[in-house]
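Residue numbers (numbering that gives the first Met the number 0): 0 to 212. Built from N, CA and C at the ideal position, the CB exists for glycine as well.
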Amino acid sequence: MSSKLELLAATVDRLGAECPWTAAQKSEDMMHYLRKECLEVEEVLLGARSRPVDKANLTQELGDVLFDVLLLIRVSARDHGIDLESCCTSAVEKIERRCPYLSDPALRAATASDATRLWSQAKLAEQTAGGCHNAAESRTHEPCLASAQVVGTAPVECEEVVGARAAASISRHEEGAIDTPLAGLSEWEADLLSDLRRGSDASDEDLSYTSGD
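Here it is in structure tokens:
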């Protein structure tokens, strides 16, 4: 790892050992914050469709995602006995299985379609052999996560994802990066946002490290 990445990982470890807020979080809590940060990255990238991307802002938002990923792993290590090294090993092994052309010159991927085909073939082979390492990969639907891949479509998205996207949009509006706090939201999402905001006065204060930055 680079020195900066090592420093970030060490800082996250310190938070896990010394910070009372971190001690109070569960893995599912961290997923909430991570999802919000991913949507803030999406907001920046959507804005880049009409103007040059704000590199400083994108760097900050991606840094927030990286931080939340590491903190999620740290909290999961405490609660479920996993560790960062094992997560890294799992990721590398999957990439090596799914992208065999990286190590085997005979398996050439000249196009994105070639790479997709080889990935799908490797994934199918794993599942057929009973070696699917992630049960979620075999599901055809995962409402909250799958819906985050599509912006402003039909009203099938869970309220948490829409609310998180709305919060990210409002945050970007307050920073002056977009003209309207409803940018990127469909009419249905905007209506839901209004309902969510009406009930937000009684909600607990969001104390995540990165939310709204």
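Spatial neighbours of residue i within its chain, please: CB distance less than 7 Å, with the 5 preceding and 5 following residues excluded, ordered by chain position.
i	result
Gln148	Confidence at Gln148 is low in this model, with a pLDDT of 43, below 50, so the placement of that residue should be treated as unreliable; the coordinate-derived value is given next. So the list is empty, once near-sequence residues are dropped.
Arg13	none
Ala47	none
Asp67	Met29, Tyr32, Leu33, Glu36, Thr209
Gly62	none
Cys86	Ile72
Arg97	Trp118, Ala121, Lys122
Using C-beta distances below 8 Å, list every residue in its chain close to residue i, excluding the 5 sequence neighbours before and after it, in chain order.
i	result
Pro99	Leu106, Leu117, Ala121
Arg30	Checking the displayed sequence, the identity of residue 30 turns out to be Met instead of Arg. For Met30, where only same-chain residues beyond five positions count, the Cβ hits under 8 Å are Leu71.
Lys25	Val74, Asp78
Val64	Leu33, Glu36, Cys37, Val40
Glu17	none
Where does residue i sit, in a helix, a strand or coil, going by DSSP?
i	result
Arg48	coil
Lys25	coil
Leu14	helix
Thr110	coil
Ala105	coil
Cys98	coil
Ala128	coil
Gly80	coil
Ser53	Residue identity check: residue 53 is Asp in the sequence provided, not Ser. Coil at Asp53, not helix or strand.
Ser1	coil
Leu6	helix
Answer with buried or exposed for residue i, where buried requires no fewer than 16 other C-beta atoms within 10 angstroms of its C-beta.
i	result
Glu5	exposed
Arg73	buried
Val52	exposed
Glu92	exposed
Lys3	exposed
Gln126	exposed
Asp28	exposed
Glu60	buried
Asp78	exposed
Asp103	exposed
Glu141	Residue placement at Glu141 is poorly supported in this model, since its pLDDT is 40, which falls under 50; the coordinates are not used for a value here.
So, for residue i: in the same chain, excluding its five sequence neighbours on each side, which residues have a beta-carbon less than 6 Å away from its beta-carbon?
i	result
Leu57	Val43
Ala76	Asp82
Glu95	none
Ala22	none
Val11	Leu69, Leu70, Arg73
Gln15	Sequence inspection shows Gly at residue 15; the Gln mentioned does not correspond to that position. Excluding sequence neighbours, Gly15 sits near Thr21, Arg73.
Quick one: is residue i near chain D, going by C-beta distance under 8 Å?
i	result
Arg77	Among the chains of the structure shown, chain D does not appear; only one protein chain is present.
Original post:
Would the stretch 34-51 and the stretch 110-126 be scored as touching if the rule is three or more Cβ pairs under 8 Å?
Top reply: no
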